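Trainee: Have a look at this one before I ask anything.
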Amino acid sequence: AYSIYTGPDPAPCVAMAAAELQRVVRIASGAAIPLADTPKPPMICLGENDAAAAARVTPEALADDAFRILTRDGNVYILGKDSRRGQVGWGGSESRGTLYGAFAFLERAVGVRWLMPGEDGEDIPRQATIRFAPLTVVETPSFESRSLWARDEPERRWQLRLGCGGARVQHGHTWDAFPARSVLRANPEYLALRGGRRMAVPADDTTPFQPKFCTTNPGLVQAFADALIAWLDQNPTQRFVSMSPSDGGGWCECQECSAYRVEAPSDSWGDFGGWGHSVTPLILKFYNDVARIVGARHPDRYVCGYVYYDFTHPIGEVRVEPNVALMLAPLQQYGLTRYKPEYRAEFERLCEAWGRASTFVGYYGASTWMRVGIGAPLGPSLPLLKHTFRTIRQNGFRAVYYYSLPWDSCGVHNYLAAKLMW
Numbered sequence: 001a002y003s004i005y006t007g008p009d010p011a012p013c014v015a016m017a018a019a020e021l022q023r024v025v026r027i028a029s030g031a032a033i034p035l036a037d038t039p040k041p042p043m044i045c046l047g048e049n050d051a052a053a054a055a056r057v058t059p060e061a062l063a064d065d066a067f068r069i070l071t072r073d074g075n076v077y078i079l080g081k082d083s084r085r086g087q088v089g090w091g092g093s094e095s096r097g098t099l100y101g102a103f104a105f106l107e108r109a110v111g112v113r114w115l116m117p118g119e120d121g122e123d124i125p126r127q128a129t130i131r132f133a134p135l136t137v138v139e140t141p142s143f144e145s146r147s148l149w150a151r152d153e154p155e156r157r158w159q160l161r162l163g164c165g166g167a168r169v170q171h172g173h174t175w176d177a178f179p180a181r182s183v184l185r186a187n188p189e190y191l192a193l194r195g196g197r198r199m200a201v202p203a204d205d206t207t208p209f210q211p212k213f214c215t216t217n218p219g220l221v222q223a224f225a226d227a228l229i230a231w232l233d234q235n236p237t238q239r240f241v242s243m244s245p246s247d248g249g250g251w252c253e254c255q256e257c258s259a260y261r262v263e264a265p266s267d268s269w270g271d272f273g274g275w276g277h278s279v280t281p282l283i284l285k286f287y288n289d290v291a292r293i294v295g296a297r298h299p300d301r302y303v304c305g306y307v308y309y310d311f312t313h314p315i316g317e318v319r320v321e322p323n324v325a326l327m328l329a330p331l332q333q334y335g336l337t338r339y340k341p342e343y344r345a346e347f348e349r350l351c352e353a354w355g356r357a358s359t360f361v362g363y364y365g366a367s368t369w370m371r372v373g374i375g376a377p378l379g380p381s382l383p384l385l386k387h388t389f390r391t392i393r394q395n396g397f398r399a400v401y402y403y404s405l406p407w408d409s410c411g412v413h414n415y416l417a418a419k420l421m422w
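To convert, note that position 30 of the sequence shown is 30 in this note's numbering; the numbers rise steadily by one, no gaps.
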């Protein structure tokens, strides 16, 4: 008896929501719910349209990706704050509240579970009649940016069904991209001094290169900031650009840079997670110096950098520029080490300190990452997932990027991590 009504010219995510509702209900019950050109009860009304407005169901006060589900007089209303075609939300990606609401409705009303990517991971219970209690639901994701490492399109589609998405936080290693190699060749003093010699730039632009910079050099800071400004100029819908160092150590040994190196032991952090030193003051100075220049041109954008490797631990009470976003990635806590009480306690202290340091902090999750996916299947490490998500949420973290694990041995972990992000 039902139809699906979206109104004319629905947002892309609303059209996708309608297609998913049609498909899943047909598989579950055999009923082919048609798309209607006009609103006619009983109906499933998707998105912001005339019928929803008449019922006084609006996306007012909803955040990006949040949704509202309401049953009234036999009708079902599902809507969120949806980006129109070609538009993006605050964080540089589409806001898809109605789509997330449709997936949540199918979970609640039909009992669907998307346990793994692909058809084999989709569990749709068969039922001649779909019955459910009245719904009055408003949901907002716990984190503004939610993503797992995805290998292919089926994994990306699976993540979307579980609520992943949100702000597009660029946080990868980018020192091999900014500034251009031609700038570095013309200014060899921008490269790190190691063993009395500056790093050499490859003769061509295709050879892999993991540079380290003399980050206290004002010319390097200006060149790096100029490169980020140019990227932001070319990508006006993106709110974040990464300035994270290339992976590994090998920092500049010049007198100016060396002055910002702190040797262990530390009263607060011991041996700095086994590194024996910290360059946190050096990296934060670079982040702040670059951010001030970028912020003068793009005050509404974030420059994003890791706190990672031997710059994981804050030295004293730290604060960064208001346009610096940080991604905490404590390398020493990869791979289940947080079962140790001392690592759990350290993680709590790290999250508390970095949560105070920046207006936008995220977590790069690898606490359950196992590099080798062979042998007996691994459980989902419930104590670690519970502790991790509770701790970052309590400390105001706004983004999560989590490692997904091999599906054949760790699939339950991936499902729970994605659900916890929402």
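For each residue, glycine too, the CB sits at the ideal point set by N, CA and C.
In this text, all values refer to a predicted model and were calculated from it rather than measured experimentally.
Given a cut-off of 8 Å on the beta-carbon distance, is the pair R151 and F103 in contact?
Mentor: Translated into positions along the sequence shown, residue 151 becomes position 151. Translated into positions along the sequence shown, residue 103 becomes position 103. Not closer than 8 Å, so no.
Trainee: Apart from the five residues just before and just after D205, which ones in its own chain have a Cβ nearer than 6 Å to its Cβ?
Mentor: Start at 1 with the first residue of the sequence shown, and residue 205 comes out as number 205. So the qualifying residues of the chain are R181.
Trainee: For T129, count neighbouring Cβ atoms within 10 angstroms of its own Cβ and tell me buried if that reaches 16, exposed if not.
Mentor: Counting from 1 along the sequence shown, the entry for residue 129 is found at position 129. It is exposed - the Cβ of T129 has fewer than 16 other Cβ atoms within 10 Å.
Trainee: Compare the Cα-Cα distances from M327 to each of L350, R96 and R338 and report the closest residue.
Mentor: Position 327 of the sequence shown, counted from the start, is the residue given in the question as residue 327. Nearest C-alpha to M327: L350.
Trainee: Which residue or residues does DSSP assign as beta-bridge partners of I69?
Mentor: Locating residue 69 in the sequence shown gives position 69, where the first residue counts as 1. Partner(s): I78 and V137.
Trainee: Going along the chain, which residues of its own chain have a beta-carbon closer than 7 Å to the beta-carbon of Y2, five neighbours each way excluded?
Mentor: By 1-based counting over the sequence shown, the position of residue 2 is 2. Answer for Y2: I33, P42, M43 and I44, listed in chain order.
Trainee: Taking 8 Å as the threshold, find out whether the stretch 212 to 226 comes into contact with the stretch 270 to 278 through three or more Cβ pairs.
Mentor: No, they do not touch.
Trainee: Going by Cα to Cα distance, which pick from F105, G80 and K40 is closest to Q22?
Mentor: Taking the sequence shown and counting its residues from 1, one reaches residue 22 at position 22. Closest by alpha carbon: F105.
Trainee: Report the residue from H298, T58 and N75 whose alpha carbon sits nearest the alpha carbon of R68.
Mentor: For this step, residue 68 is matched to residue 68 along the sequence shown. If we check each option's Cα against that of R68, T58 comes out closest.
Trainee: Count the other C-beta atoms from every protein chain shown that fall within 10 angstroms of the C-beta of E119, then say buried if there are 16 or more, exposed otherwise.
Mentor: Reading the sequence shown from its first residue, position 119 is the one you call residue 119. Its Cβ having fewer than 16 others within 10 Å, E119 is exposed.
Trainee: Within the stretch 87 to 157, note down every full alpha helix (DSSP H) run reaching 4 residues or more, in order along the chain.
Mentor: As far as the stretch 87 to 157 is concerned, its whole alpha helix (DSSP H) runs of at least 4 residues are 97 to 105.
Trainee: From which residue to which residue does the alpha helix (DSSP H) around A230 run?
Mentor: As a working mapping, residue 230 is identified with position 230 in the sequence shown. Note, A230: alpha helix (DSSP H), P218 to Q234.
Trainee: Excluding the 5 residues flanking T174 on each side, which residues of the same chain have their C-beta closer than 7 Å to its C-beta?
Mentor: Along the sequence shown, read from residue 1 onward, the residue named residue 174 stands at position 174. Correct list, in chain order: S242, M243 and S244.
Trainee: Quick check on DSSP: helix, strand or coil for H277?
Mentor: Taking the first residue of the sequence shown as 1, we reach residue 277 at position 277. It is a strand residue.
Trainee: Report all residues from its chain with a CB closer than 7 Å to the CB of Y343; omit the five preceding and five following residues, and keep chain order.
Mentor: Locating residue 343 in the sequence shown gives position 343, where the first residue counts as 1. Cβ neighbours of Y343 beyond the five flanking positions: Q333 and T337.
Trainee: For D267, count the other beta carbons within 10 Å of its own beta carbon; 16 or more makes it buried, fewer makes it exposed. Which is it?
Mentor: Working through the sequence shown from its first residue, we reach residue 267 at position 267. Answer is exposed; the Cβ neighbour count stays below 16.
Trainee: With a CB to CB cut of under 7 Å and the five nearest residues on each side skipped, what residues in its chain are close to T359?
Mentor: To locate residue 359, count along the sequence shown from 1; it is residue 359. Excluding residues within five positions, the ones whose Cβ falls inside 7 Å are P322.
Trainee: Would you kindly check if the distance between the Cβ of D82 and the Cβ of A11 is under 8 Å?
Mentor: The sequence position of residue 11 within the sequence shown is 11, counting from 1. The sequence position of residue 82 within the sequence shown is 82, counting from 1. Yes, they are a contact pair.
Trainee: For L282 versus R261, is the C-beta distance shorter than 8 Å?
Mentor: Within the sequence shown, the letter at position 282 stands for residue 282. Within the sequence shown, the letter at position 261 stands for residue 261. Against a cut-off of 8 Å, the Cβ pair of R261 and L282 comes out as a contact.
Trainee: Taking A186 as part of the beta strand (DSSP E), name the residues at either end of that continuous run.
Mentor: Here residue 186 refers to the residue found at position 186 when the sequence shown is read from its first residue. Element bounds for A186: not the beta strand (DSSP E) but the alpha helix (DSSP H), R181 to A186.
Trainee: If you count every other CB in all the chains shown that lies within 10 Å of the CB of V138, and 16 or more means buried, which is it?
Mentor: Along the sequence shown, one-based indexing puts residue 138 at 138. Exposed, by the Cβ-count rule.
Trainee: Closer than 6 Å by C-beta to A167: which residues in its own chain qualify, once you throw out the five before and the five after it? Chain order, please.
Mentor: Looking up residue 167 in the sequence shown gives position 167. Taken in chain order, the residues that qualify are G91, E144 and S145.
Trainee: How many angstroms separate the CA atom of K212 from the CA atom of Y287?
Mentor: In the sequence shown, counting from the first residue as 1, residue 212 sits at position 212. In the sequence shown, counting from the first residue as 1, residue 287 sits at position 287. Taking the straight line joining both Cα atoms gives about 14 Å.
Trainee: Between which two residues does the beta strand (DSSP E) harbouring S242 extend?
Mentor: Taking the sequence shown and counting its residues from 1, one reaches residue 242 at position 242. Start and end: F240 to S242.
Trainee: Can you round the beta-carbon distance between R96 and L135 to whole angstroms, since I take them to be within the 8 Å contact cut?
Mentor: As a first step, residue 96 is located in the sequence shown; it is residue number 96 there, counting from the start. As a first step, residue 135 is located in the sequence shown; it is residue number 135 there, counting from the start. With a Cβ gap of about 19 Å, R96 and L135 do not count as contacting.
Trainee: DSSP has V324 in a bridge; who is on the other side?
Mentor: Taking the sequence shown and counting its residues from 1, the one referred to as residue 324 is at position 324. For V324, which the question treats as bridged, DSSP gives the partners V303.
Trainee: If you draw a straight line from the C-alpha of S93 to the C-alpha of D271, how long is it?
Mentor: On the sequence shown, residue 93 is found 93 positions in, with the first residue counted as 1. On the sequence shown, residue 271 is found 271 positions in, with the first residue counted as 1. Roughly 40 Å separates the two Cα atoms.
Trainee: Should Y306 go down as buried or exposed, given a rule of 16 or more other Cβ atoms within 10 Å for buried?
Mentor: Taking the first residue of the sequence shown as position 1, residue 306 is located at position 306. By the neighbour-count rule (16 or more Cβ atoms within 10 Å), Y306 is buried.
Trainee: By the three-class DSSP mapping on this structure, what secondary structure does A329 have?
Mentor: Taking the first residue of the sequence shown as position 1, residue 329 is located at position 329. Three-state DSSP puts A329 in a strand.
Trainee: In chain order, what are the residue ranges of uninterrupted beta strand (DSSP E) at least 3 long that sit wholly in the stretch 338 to 399?
Mentor: Runs found: 360 to 365.
Trainee: Pick helix, strand or coil for Y401, following the three-state DSSP scheme.
Mentor: Position 401 of the sequence shown, counting from 1, holds the residue named residue 401. Note: Y401 maps to strand in three-state DSSP.
Trainee: Could you please give the first and the last residue of the uninterrupted alpha helix (DSSP H) stretch that includes C214?
Mentor: Residue 214 sits at position 214 when you count from the first residue of the sequence shown. Note, C214: premise wrong, no alpha helix (DSSP H); not H, not E.
Trainee: Measure the Cβ-Cβ separation of G163 and W407 and say whether it is below 8 Å.
Mentor: As a first step, residue 163 is located in the sequence shown; it is residue number 163 there, counting from the start. As a first step, residue 407 is located in the sequence shown; it is residue number 407 there, counting from the start. For G163 and W407, no; Cβs fall outside 8 Å.
Trainee: With distances taken from CA atoms, which of G47, G295, R72 and A51 is nearest T38?
Mentor: In the sequence shown, the residue the question calls residue 38 occupies position 38. Of the listed residues, the one whose Cα sits closest to T38 is A51.
Trainee: Taking 8 Å as the limit between beta carbons, can you name the residues of its chain near F209, skipping five residues before and five after?
Mentor: Within the sequence shown, the letter at position 209 stands for residue 209. Hits under 8 Å: D176, R181, V201 and P202.
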